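*Asks:* When the letters of the sequence shown are read in order and numbered with this note's numbering, they come out as residues 40 to 585.
Heads up, the beta-carbon is just placed ideally off N, CA and C, and yes, glycines get one too.
Since we're looking at a predicted model, the values are computed, not measured.
To start, I am sharing the structure in question, which I have written as structure tokens.
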Amino acid sequence: MGAFTDALAARRVDPRGRRWVYVPYDQLGTFGALADDPSRLGIVLVEDPAKAARRPYHKQKLAYVLANGRHFALEQAARGVAVRFEVARTGLTDTLAHVTAELGPLSVMDPAERELRETLRPLVRAGALRVVPHAGWLTTSDDFSRACPRAPWRMDAFYRTVRTRSGTLMEGESPVGGRWSCDTENRRPWRGTPAAAVPPRFVPDAITEEVGALIETHYGHHPGTLDLGALPATHDDAEMLWAWALQACLPQFGPFEDAFSHRSRTLFHTRIAPLLNLHRLLPARVVRDVVAAELPLPSKEGFVRQILGWREFVRHVHRATDGLRALPPHAAIAPSRVDATGAASPSFLGAENALPPTFWGAAPSGLGCLDTTVESVWAEGYTHHIPRLMILSNLATLLDVSPRALTDWFWVAFTDAYDWVVEPNVLGMGTFAAGELMSTKPYVAGSAYLARMGDHCGRCAFRPDVDCPITPLYWAFLRRHADALRRNPRISGPVAAALARSDARAAADSRVYRYVRDRLAAGGVLDPAVVARHRCELPFDPEEAP
Ligand SMILES: Cc1cc2nc3c(=O)[nH]c(=O)nc-3n(C[C@H](O)[C@H](O)[C@H](O)COP(=O)(O)OP(=O)(O)OC[C@H]3O[C@@H](n4cnc5c(N)ncnc54)[C@H](O)[C@@H]3O)c2cc1C
């Protein structure tokens with residue numbers, strides 16, 4: 040017997056006469072049916088080793104799911120809920136089939152993850168599981184179809200609709216402060232002040248330690264560092280993280296939202312995504328707390344937009360497209376495409392290159408921004424939004440990496456990744472793989488943007504305004520994809536500028552692209568001398584900085 044099974048046995052209550060509910064890993068909170076009288080409730084929780092082994096998930100991600108699941112079971116048992124905890128040694132459906140044969144049909148809130156819904160489908164068809172709406176979400180598919188009746192779909196239309204409908208940050212019919220978005224104020228680079236928020240550490244108990252040992256024994260070959268001291272695993276840990284976020288991050292959240300730094304992986308971001316996605320923290324609660332807090336409007340509005348806007352929006356996009364497998368027909372949206380494994384693999388720009396091994400931390404690339412970001416991913420399973428978008432996705436897009444390959448990498452590398460959130464963010468936003476489905480244009484940038492918003496260039500062998508290859512990659516990208524992008528009004532200007540470059544510069548851009556692509560594909564480090572040779576020592580043109 041282990042620490043967990045002993046602790047659960049010690050809290051065992053009489054399971055007779057209970058109403059039984061199946062609680063998947065995205066529902067680990069006292070909400071929905073669990074808000075009812077605990078003395079009449081029974082919950083079924085199942086750990087699924089096959090699920091954990093399905094992809095080489097970051098060890099810290101496995102720890103989030105397993106340690107929070109086990110602590111949730113104990114916390115519910117302490118409330119007087121009867122807990123039936125199973126390890127699915129013969130598979131999830133088989134295990135649940137046995138449990139339901141004994142307990143009768145279970146109700147379950149509709150899981151967010153498509154992959155889990157597919158696994159459960161036979162049990163739903165057989166009547167063993169009765170699906171009810173997931174009470175953790177703040178918006179409905181009606182909200183989405185009202186705000187976005189036709190594709191392309193835009194987050195700001197959705198956000199305005201749901202703010203109005205829910206009355207969040209509203210004064211009558213108008214947004215508080217007179218504007219729906221404070222985005223334009225929220226673009227300050229961070230140069231060291233105010234001091235960045237330092238994430239709290241947690242004291243792992245015997246249950247968490249046991250999960251850590253299980254992961255090292257069975258999934259020790261998975262990538263990433265396991266750091267139990269960084270893991271919020273209990274209800275109290277989640278409360279502590281959220282109290283820290285409110286006090287240390289939120290006051291500066293807005294203004295520095297787009298900044299990034301090698302001196303702080305967090306800056307003023309909250310790190311709550313893994314707990315929100317497990318529903319250890321409830322989205323309604325964090326929005327309520329932030330709306331009620333004394334905070335500057337740009338921070339308040341910026342945060343509400345992330346939760347009530349982006350997070351809900353991407354989930355609806357995933358749901359409405361069957362996980363980006365069925366994209367609405369439209370000239371500016373990629374045709375639907377599914378690969379041999381059944382995964383959605385649209386590629387509006389026809390990008391098909393393999394993901395360079397440097398993303399796995401195998402060898403440095405020589406690009407300070409990429410290497411610093413990859414290091415933080417494998418150290419923590421975390422970077423905030425901007426390195427995900429403007430470093431990882433930007434570079435993969437500039438290198439024509441297969442959007443599906445990049446999505447699969449994000450899915451295993453981040454502690455907050457599940458299909459409903461990672462697929463729209465990478466395919467729909469990060470790589471423009473779905474075309475204009477949910478983004479107006481590709482999020483691509485050259486070195487000037489990276490030098491302005493971050494400080495990674497200071498740790499790089501390349502200089503942003505002299506010889507960084509990212510700017511030639513940017514121009515080469517726009518030229519290669521000019522036919523697909525020139526009719527897009529949001530990017531037609533840069534495309535025209537790329538096409539207007541002299542033949543000598545365009546040829547040099549293209550050589551740099553081929554060198555970077557091939558060198559990184561071979562697992563090599565980029566050499567400033569070789570980049571300079573490919574650029575034929577063309578002087579830096581200040582006009583060209585995108
Ligand atoms: C290429 C790419 C991949 C991403 N993959 C994931 C993913 O696998 N899982 C995930 O939860 N988020 C993902 N995001 C969204 C966002 O980057 C993370 O939610 C955020 O960085 C998590 O860190 P945080 O909790 O410190 O966020 P904060 O900056 O503190 O933001 C607060 C919360 O807002 C929510 N949020 C903000 N933007 C988004 C968004 N675009 N989609 C969904 N939720 C959002 C998150 O719940 C986040 O915790 C991705 C974004 C990009 C560009």
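Quick test of the definition: if touching needs 3 or more C-beta pairs under 8 Å, does the segment 79 to 98 touch the segment 123 to 143?
*Replies:* Touching, yes, given that three or more Cβ pairs across the two stretches are closer than 8 Å.
*Asks:* If we call anything under 7 Å between Cβ atoms a contact, is Ala72 one with Val60?
*Replies:* Stepping through the sequence shown from its first residue, residue 72 is reached at position 33. Stepping through the sequence shown from its first residue, residue 60 is reached at position 21. Yes, they are a contact pair.
*Asks:* Thinking C-alpha only, which one of Leu135, Ala235, Glu249 and Glu152 is nearest Ser146?
*Replies:* The count along the sequence shown starts at 1 and reaches residue 146 at position 107. For Ser146, the nearest C-alpha among the options comes from Leu135.
*Asks:* Output yes or no for whether 7 Å exceeds the beta carbon distance between Arg57 and Ala151.
*Replies:* Here residue 57 corresponds to residue number 18 of the sequence shown, with the count starting at 1. Here residue 151 corresponds to residue number 112 of the sequence shown, with the count starting at 1. No. Outside cutoff.
*Asks:* Between which two residues does the alpha helix (DSSP H) carrying Met148 extend?
*Replies:* Counted from its first residue, the sequence shown places residue 148 at position 109. Element bounds for Met148: not the alpha helix (DSSP H) but the beta strand (DSSP E), Leu145 to Met148.
*Asks:* Tell me whether Gln286 is buried or exposed, calling it buried when 16 or more other Cβ atoms sit within 10 Å of its Cβ.
*Replies:* Stepping through the sequence shown from its first residue, residue 286 is reached at position 247. Flag for Gln286 reads exposed.
*Asks:* Would Arg529 and Lys480 qualify as a contact pair, given that the criterion is a beta-carbon distance under 7 Å?
*Replies:* Numbered from 1 along the sequence shown, position 490 holds the residue referred to as residue 529. Numbered from 1 along the sequence shown, position 441 holds the residue referred to as residue 480. The answer is yes: Cβ separation under 7 Å.
*Asks:* Which first and last residues belong to the alpha helix (DSSP H) in which Trp459 is found?
*Replies:* Looking up residue 459 in the sequence shown gives position 420. Asp458 to Glu462 is the span of the alpha helix (DSSP H), which, as asked, contains Trp459.
*Asks:* Got a sec: does ligand 1 put a non-hydrogen atom nearer than 6 Å to the Cβ of Thr510?
*Replies:* Position 471 of the sequence shown, counted from the start, is the residue given in the question as residue 510. Checking the Cβ of Thr510 against ligand 1 gives no.
*Asks:* Under 6 Å from any heavy atom of ligand 1, does the C-beta of Gly469 make it?
*Replies:* Here the question's residue 469 lines up with position 430 in the sequence shown. Gly469: yes, Cβ under 6 Å from ligand 1.
*Asks:* Locate the alpha helix (DSSP H) running through Glu86, then write down its first and last residues.
*Replies:* Here residue 86 refers to the residue found at position 47 when the sequence shown is read from its first residue. Here Glu86 belongs to no alpha helix (DSSP H); instead the beta strand (DSSP E) covers Leu80 to Glu86.
*Asks:* In its own chain, which residues sit with a C-beta less than 7 Å from the C-beta of Leu596, not counting the 5 before and 5 after it?
*Replies:* This structure leaves residue 596 out entirely; the chain is present only between 40 and 585.
*Asks:* Three-state secondary structure (DSSP) at Ala332?
*Replies:* Residue 332 sits at position 293 when you count from the first residue of the sequence shown. In this structure, Ala332 counts as coil in the three-state DSSP scheme.
*Asks:* For Ala174 and Phe43, which I take to be in contact (beta-carbon distance under 8 Å), what is that distance rounded to the nearest angstrom?
*Replies:* As a position in the sequence shown, residue 174 is number 135, starting the count at 1. As a position in the sequence shown, residue 43 is number 4, starting the count at 1. Not really, about 27 Å apart at Cβ, beyond 8 Å.
*Asks:* Regarding Arg427 and ligand 1, is the C-beta to nearest heavy atom distance less than 6 Å?
*Replies:* Counting from one through the sequence shown, the residue named residue 427 turns up at place 388. For ligand 1, at least one heavy atom lies less than 6 Å from the Cβ of Arg427.
*Asks:* Please classify Tyr198: does DSSP put it in a helix, a strand, or coil?
*Replies:* Within the sequence shown, residue 198 is the residue found at index 159, counting from 1. Helix.
*Asks:* For Pro243, tell me which candidate among Ala102, Arg227, Ala401 and Ala543 has the shortest Cα-Cα distance.
*Replies:* Here the question's residue 243 lines up with position 204 in the sequence shown. Of Ala102, Arg227, Ala401 and Ala543, the residue nearest in Cα terms is Ala102.
*Asks:* Under DSSP, the alpha helix (DSSP H) around Ala487 begins and ends at which residues?
*Replies:* Start at 1 with the first residue of the sequence shown, and residue 487 comes out as number 448. Its alpha helix (DSSP H) spans residues Ser486 to Met492.
*Asks:* Would Pro442 and Ser386 qualify as a contact pair, given that the criterion is a beta-carbon distance under 7 Å?
*Replies:* As a first step, residue 442 is located in the sequence shown; it is residue number 403 there, counting from the start. As a first step, residue 386 is located in the sequence shown; it is residue number 347 there, counting from the start. Yes, the Cβ-Cβ distance between Pro442 and Ser386 is below 7 Å.
*Asks:* I'd like to check one pair, Gly420 with Leu110: are the Cβ atoms closer than 7 Å?
*Replies:* Along the sequence shown, read from residue 1 onward, the residue named residue 110 stands at position 71. Along the sequence shown, read from residue 1 onward, the residue named residue 420 stands at position 381. The residue you asked about is not Leu; residue 110 is His in the sequence shown. Result no, Cβ atoms of His110 and Gly420 do not sit closer than 7 Å.
*Asks:* For the beta strand (DSSP E) containing Val171, name the first residue and the last one.
*Replies:* What you label residue 171 is simply residue 132 of the sequence shown in a count that begins at 1. Looking at the DSSP string, the run of the beta strand (DSSP E) that includes Val171 is Leu168 to Val171.
*Asks:* Roughly how far, in whole angstroms, is the beta-carbon of Val586 from the beta-carbon of Met477, given that I think they are within contact range, below 8 Å?
*Replies:* No answer is possible for residue 586: it lies beyond the span of the chain, which begins at 40 and ends at 585.
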